[in-house]
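FYI, this note's numbering numbers position 111 of the sequence shown as 111, with every residue one higher than the one before it. Where a beta carbon is used, it is the ideal one built from N, C-alpha and C, also for glycine.
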Amino acid sequence: MKTSLSFASILRAPGAMLAGLAALASMPSIAPAAPAGAVTQIAYNHPGLITDLGVGLWAWPLPMDWNEDGLMDLVVACTDTPSNGVYVFLNTGEYDPVTRLPLFGPGDNIGPAGKGPSPQVSYIDGQPMVTTKGAYYPDFRNSGLAHPVTLGDPTAIHIGEGNVRANQWKFVDHDGDGDLDLAVGIGFWGDYGWDDAWDQDGTWTNGPLHGYVYLLENTGTTADPVYGEPSKLTTIEGNPLDVYGMPSPSFEDFDQDGDLDILCGEFVDGFTYFENVGTRTTPRYAAGRELMVGGKPLKMELCMITPVAVDFNGDGVLDLVVGDEDGRVAFIEGTGALVDGVPQFLTPRYFRQRADALKFGALSAPVSVDWDGDGLEDLIVGDTAGHIGFIKNLGGDTPRWAAPVYLAAGDEVLREMAGPNGSIQGPAEAKWGYTNPSVGDWDGDGLLDVVTNGIWGKILLYRNVGTVTAPRLAAAEPIKVAWSGETPKPSWVWWTPEPGALVTQWRTTPQLIDWNQDGLLDLVMLDPDGYLAFFERSRTPDGALVLQAPQRIFRGEGVSEFDSKGRPVNEVSGLLRLNSRDAGGSGRRTFTFFDWDRDGQLDLLVNSDTNINVLRGLGRDAAGLWSFQDDGPVSTTRLAAHSTTPTVAHWGDREVLVIGAEDGHFYSLSLQP
């Protein structure tokens, strides 16, 4: 609902708060009782545990003293599926002994955040004013993003250019005349093109992302504004302020010389400072310079960063509070020092909270397995960042979980990343990895190994060189196939695989399973053309294990071809092609096998547009093909806009479908015996 208010009343609103709001904000949210068979979110179930503070996919921090108790709290918007909302994390007044930062309580969802609104906060006379694209929320403390006041037309910014993917509106008295203007950060993807633009040498042939900042000057008054046409801010050289996408601009006096400078983030992981070399009333900006720390560029661990400049710790120096793609929020402390005129900050530290819902990264890809040999099934999990996490099951019919830890490979934390040219969707995805793991004793030595597929489409083996109870992974090595002839690859992969390597569609499950029940682990996964394929394992006469070239032995009945979200693209029986799309639309199918209907035939549980679909196993036909029929989703609860990942867990006497969701949380569905 949109509301009409005078601008004078809008300005009075930030400091207003209804009586009792502090008490209401501190009350825990109470979820309704779940019906039998419902998909429910998995909790840590671990009182006293402290974990990284986080929302779902993509954090937009709005720091403020929410309950006006004198302590800075964290309000964080999450704009994606399924945990869309505005979350309030109250400052407990305690300090985390690990980070030495304030400790926060669990997040309380006060209402939806919408889709793609680019939430921002401006600090005017010390009061937070929350905006989204083209709108302001004077009643934010009471109603979240429910009652917008229109400021302008977001489509009128960067008009005619198209493909704007961030539209960040903020208040600022840009020219020091006492009236509030509007600044808009624009993330422009029109030159980038998004997909499949590599040449044969791995050079991106499209343009970069752009992050521009526009000003809408107010020639009226704050109470009765008259905004001019949007104009692109430029440097003294006449070039537009331009960073690598999604600028999240903050207008503050960073160098303490009495005028407003600009500090921007970007879509990937860095920060750019534009010094005001003019005056408070006539701003002029020097060329952008990277923020540095210890002589190196100041970088975030992940991408899709959303910084806000605010004196968070109350020491009189501006800090940065930065949201990450995986829903975490980092604190970058300002030192007050300048080096060559550039403000200096410390390295990022992530805020932490009292544990609530189990979480690992974003687009979590779990495997339920007893990783440490104690008789309890743990979770081994991949995520968008390219990590593999170990979440230890501490016991109980409803398990109590330890905080996630990253697995190492060799002497380093295991992290698969695209780097500058490893993603088919371009260099903006340099910090993504999309690890999808499978776990099993691949080399037959009695220890559980990890096999992954990720953003490169390379199938990698991490051998366990530890023990049953203390696993330790060696550095990655490629899974090799006994190809006859040239090593195949998807047609859109620009690079040449090493001889014998297995390179297929990205972001898919490499399922380790003894499909033919001969005592050897085989591999079932998508082949380079998107067909579900059987890679049989065999032994040579001297006992060496060999992975054979794939066989297309799986058939779809009624529907045989799907897209990346599991939507049918035909109504024809035939070889089962889990993804018929190419390039960036390829792969993205995650699955496990399980006898869902208890008829003695393995069914295929596979990610879908809703959550997980059951492709019911119909057995083997006369031609030797294994047939499957899509019976639809296990639940109508929507768990992703991109991808989910299923695994079946055994908790005591119960079998449970565990679903890794887009928000990095895990959801469970108890299965009937």
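Mapping the DSSP letters down to three states, classify G334 as helix, strand or coil.
By one-based count along the sequence shown, residue 334 stands at place 334. In this structure, G334 counts as strand in the three-state DSSP scheme.
Among T610, L615, L53 and D597, which has the Cα closest to the Cα of R577?
Taking the sequence shown and counting its residues from 1, the one referred to as residue 577 is at position 577. The candidate whose alpha carbon is nearest that of R577 is L615.
Could you check how far apart the C-beta atoms of G323 and P61 are, in whole angstroms? I think they sit under 8 Å.
If you number the sequence shown from 1, residue 323 lands on position 323. If you number the sequence shown from 1, residue 61 lands on position 61. 5 Å between Cβ atoms; contact.
Near C303, what residues of its chain come up, given a Cβ to Cβ distance below 6 Å and the 5 sequence neighbours on each side ignored?
Taking the sequence shown and counting its residues from 1, one reaches residue 303 at position 303. These residues qualify, in order along the chain: V268, D269, E325 and K431.
Near A19, which residues of its chain fall below 7 Å by C-beta distance, leaving aside the five closest residues on each side in sequence?
For the purposes of this step, residue 19 is identified with residue 19 of the sequence shown, where counting begins at 1. Bear in mind that the predicted position of A19 carries a pLDDT of just 29, short of 50, making it unreliable; the figure below should be weighed with that in mind. Nothing listed; no residue qualifies.
Check for me: the alpha helix (DSSP H) holding L140 runs from which residue to which?
For the purposes of this step, residue 140 is identified with residue 140 of the sequence shown, where counting begins at 1. This sequence places Phe at residue 140; Leu is not what is there. From DSSP, the alpha helix (DSSP H) with F140 extends over F140 to S143.
Have a look at Q601 and T592 and give me their C-alpha separation to the nearest angstrom.
For the purposes of this step, residue 601 is identified with residue 601 of the sequence shown, where counting begins at 1. For the purposes of this step, residue 592 is identified with residue 592 of the sequence shown, where counting begins at 1. Going by the C-alpha atoms only, they are around 13 Å apart.
How many Å lie between F271 and N421 at the Cα?
Position 271 of the sequence shown, counting from 1, holds the residue named residue 271. Position 421 of the sequence shown, counting from 1, holds the residue named residue 421. If I take the Cα positions, the gap works out to 21 Å.
Is the distance from the Cβ of K359 to the Cβ of G160 below 8 Å?
Within the sequence shown, numbered from 1, the residue matching residue 359 stands at position 359. Within the sequence shown, numbered from 1, the residue matching residue 160 stands at position 160. Result no, Cβ atoms of K359 and G160 do not sit closer than 8 Å.
Using 8 Å for Cβ pairs, my map puts I112 next to V121. What's the rounded Cβ distance?
Here residue 112 is taken as the residue at index 112 of the sequence shown, counted from 1. Here residue 121 is taken as the residue at index 121 of the sequence shown, counted from 1. For clarity, residue 112 is Pro in the given sequence; the question names Ile instead. Wrong, their Cβ atoms sit about 18 Å apart, outside the cutoff.
My guess is that E571 and S627 are in contact by the Cβ rule of under 8 Å, so how many angstroms apart are they, rounded?
Within the sequence shown, the letter at position 571 stands for residue 571. Within the sequence shown, the letter at position 627 stands for residue 627. The pair is not a contact, with the Cβ atoms about 16 Å apart (cut-off 8 Å).
Where DSSP assigns a beta bridge to V149, which residues make up the other side?
Here the question's residue 149 lines up with position 149 in the sequence shown. Answer by DSSP bridge pairing, in chain order: Y136.
Is it buried or exposed for V634, if we count other Cβ within 10 angstroms and need 16 for buried?
In the sequence shown, the residue the question calls residue 634 occupies position 634. Under this definition V634 is a buried residue.
For N607, three-class secondary structure by DSSP:
Walking along the sequence shown from the start, residue 607 turns up at place 607. Three-state result, N607: strand.
Contact belief for T51 with R352 at Cβ below 8 Å, rounded distance in angstroms
One-based indexing of the sequence shown puts residue 51 at position 51. One-based indexing of the sequence shown puts residue 352 at position 352. Contact holds; Cβ gap of about 6 Å.
For the candidate residues A544, D125 and P119, whose alpha-carbon lies nearest to that of A135?
In the sequence shown, residue 135 corresponds to position 135, counting from 1. Ranking the options by Cα distance to A135, first place goes to P119.
R654 and S643 - do their beta-carbons sit closer together than 8 Å?
The count along the sequence shown starts at 1 and reaches residue 643 at position 643. The count along the sequence shown starts at 1 and reaches residue 654 at position 654. Contact flag unset, no.
Which residue from L90, S564, L71 and F140 puts its Cα closest to that of A641?
In the sequence shown, residue 641 corresponds to position 641, counting from 1. Nearest option by C-alpha distance: S564.
What residue from L215, I388 and D199 has the CA that sits closest to V184's CA?
Numbered from its first residue, the sequence shown carries residue 184 at position 184. V184 has its Cα closest to that of L215, out of L215, I388 and D199.
Would you tell me roughly how many angstroms separate the C-alpha atoms of P541 and W198, rounded to the nearest one?
Within the sequence shown, numbered from 1, the residue matching residue 541 stands at position 541. Within the sequence shown, numbered from 1, the residue matching residue 198 stands at position 198. Cα-Cα distance, rounded: 43 Å.
With 16 as the cutoff for other CB atoms within 10 Å, does C78 come out buried or exposed?
As a first step, residue 78 must be located in the sequence shown, where it is residue number 78. That one is buried.
Alpha carbon to alpha carbon, what distance is there between V503 and W494?
By one-based count along the sequence shown, residue 494 stands at place 494. By one-based count along the sequence shown, residue 503 stands at place 503. About 12 Å.
Using the C-alpha atoms, what's the distance from K133 back to F666?
As a position in the sequence shown, residue 666 is number 666, starting the count at 1. As a position in the sequence shown, residue 133 is number 133, starting the count at 1. Straight-line Cα distance between these residues: approximately 31 Å.
Throw me the rounded Cβ distance for the F534 and W506 pair, which I believe falls under 8 Å.
For this step, residue 534 is matched to residue 534 along the sequence shown. For this step, residue 506 is matched to residue 506 along the sequence shown. That belief does not hold up - the Cβ atoms of F534 and W506 are roughly 20 Å apart, past 8 Å.
Based on the DSSP output, what are the partners of Y87 in its beta bridges?
One-based indexing of the sequence shown puts residue 87 at position 87. According to DSSP, which records beta bridges pairwise, Y87 is partnered with V76 and N109.
Taking 8 Å as the threshold, find out whether the region 404–419 comes into contact with the region 470–479 through three or more Cβ pairs.
yes
Cα-Cα separation between N91 and R349, rounded to whole angstroms
Within the sequence shown, residue 91 is the residue found at index 91, counting from 1. Within the sequence shown, residue 349 is the residue found at index 349, counting from 1. In a straight line, the C-alpha of N91 is about 16 Å away from that of R349.
Complete runs of the alpha helix (DSSP H) confined to the region 420–453 [at least 4 residues]
none
Give a yes or no on contact between the region 172–190 and the region 207–225, applying the rule of three or more CB pairs nearer than 8 Å.
yes
Report the residue from P488, V465 and R620 whose alpha carbon sits nearest the alpha carbon of P550.
As a working mapping, residue 550 is identified with position 550 in the sequence shown. The residue with the shortest Cα to Cα distance from P550 is P488.
Bridge partners - Y212, DSSP secondary structure assignment
In the sequence shown, the residue the question calls residue 212 occupies position 212. Note: Y212 sits in a beta bridge opposite I186 and D242.
Could you tell me the alpha carbon to alpha carbon distance between A330 and D315, rounded to whole angstroms?
Taking the sequence shown and counting its residues from 1, the one referred to as residue 330 is at position 330. Taking the sequence shown and counting its residues from 1, the one referred to as residue 315 is at position 315. Cα to Cα, A330 sits roughly 18 Å from D315.
Whose C-beta lies closer than 8 Å to the C-beta of M27 among residues of the same chain, with five residues either side of it excluded?
As a first step, residue 27 is located in the sequence shown; it is residue number 27 there, counting from the start. Caution applies to M27, whose pLDDT of 31 falls short of 50 and renders its modelled position unreliable; the value that the coordinates give is listed next. D108, listed in sequence order.
Counting beta carbon pairs with one atom in the region 510–530 and one in the region 223–239, are three or more of them shorter than 8 Å?
no
In terms of alpha-carbon separation, which member of G619, L532, L74 and T610 lies closest to G105?
In the sequence shown, residue 105 corresponds to position 105, counting from 1. Checked all of G619, L532, L74 and T610; the closest Cα to G105 is L74.
Check the C-beta distance from E682 over to Y244 and give it rounded, since I have them as a contact under 8 Å.
Coverage of the chain is limited to positions 1 through 673, which leaves residue 682 absent and any answer about it impossible.
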